[in-house]
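Numbering-wise (my numbering), the sequence shown opens with residue 2 and increments by one.
Worksheet for the structure shown next.
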Amino acid sequence: NPNTSGGGEPSTGETPEDTVYVFTYGLDGSKVDGGTKAPLGGAKFILYRGKGGNEPSYDRDTGKPVDGTVEYALVATVDEEVKVAGWTASREEAAKEDNLLVSGDDGRFEVAGLDAGGYYLEET
Numbered sequence: 002n003p004n005t006s007g008g009g010e011p012s013t014g015e016t017p018e019d020t021v022y023v024f025t026y027g028l029d030g031s032k033v034d035g036g037t038k039a040p041l042g043g044a045k046f047i048l049y050r051g052k053g054g055n056e057p058s059y060d061r062d063t064g065k066p067v068d069g070t071v072e073y074a075l076v077a078t079v080d081e082e083v084k085v086a087g088w089t090a091s092r093e094e095a096a097k098e099d100n101l102l103v104s105g106d107d108g109r110f111e112v113a114g115l116d117a118g119g120y121y122l123e124e125t
């Protein structure tokens with residue numbers, strides 16, 4: 002019983018505190034020029050994943066994900082760290098400037114707070 006002290010004393014009436022560890026993953030990427038391999042700053046990306054843990058379906062003509070088969074990341078900067086703040090079915094919402102991953106002057110970008118699974122980037 003978690004309400005007992007364990008030494009035969011009466012119940013404390015409180016559940017003992019415990020620490021919960023939550024593990025998440027991150028994505029580190031970089032954008033470079035295909036020919037010179039020079040870093041490219043200011044490249045913008047939409048992050049998405051297959052809905053319900055499934056693989057996305059793609060339109061044969063456009064190569065873009067079919068609506069309803071993916072979830073797009075909504076990102077936020079918290080304490081100078083870019084994190085996933087939520088997910089949306091709306092590509093238009095995800096394509097808003099404040100939801101894009103943007104490479105720095107060194108061509109690098111990163112996002113934290115991802116669950117285990119497959120993720121995809123679309124350069125805008």
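Here a beta-carbon is modelled for each residue, glycine too, at the ideal position from N, C-alpha and C.
6 Å Cβ shell around residue i - same chain, five flanking residues per side excluded
i	result
F110	G30, L102 and S104
V83	V76 and V112
Contact under 9 Å by Cβ, residue i with residue j
i	j	result
Y96	T63	Reading the sequence as shown, one finds Ala at residue 96 and not Tyr. No, the Cβ-Cβ distance between A96 and T63 is not below 9 Å.
P40	D107	yes
V53	A74	Reading off the sequence shown, one finds Gly at residue 53, where the question assumed Val. Not closer than 9 Å, so no.
Y121	Y49	yes
V112	G27	yes
G119	G51	yes
K65	E123	yes
Cβ distance (whole Å) where residue i is taken to contact residue j below 8 Å
i	j	result
Y60	V67	According to the sequence as given, residue 60 is Asp; it is not Tyr. With a Cβ gap of about 6 Å, D60 and V67 count as contacting.
G114	T25	5 Å
V76	N55	The pair is not a contact, with the Cβ atoms about 22 Å apart (cut-off 8 Å).
Which residues DSSP lists as bridging residue i, in chain order
i	result
V33	P40
K45	V103
R50	E72
Y59	P66
Y26	L115
E1	The requested residue 1 does not occur in the structure, where the chain is confined to residues 2 to 125.
Contact set for residue i: own chain, Cβ-Cβ below 8 Å, skip 5 residues either direction
i	result
P44	The question names Pro, but residue 44 in the sequence shown is Ala. If we look at A44 and ignore the five residues flanking it on each side, its Cβ neighbours are K32, V103, S104, G108, F110 and E124.
Own chain residues within Cβ distance below 7 Å of residue i, not counting five before or after
i	result
A117	Y26
Would you mind listing the beta strand (DSSP E) stretches within the stretch 72–121 that are 3+ residues and don't spill past its ends, in chain order? Secondary structure remark: continuous beta strand (DSSP E) runs of at least 3 residues inside the stretch 72–121, in chain order: 82–89 and 109–115.
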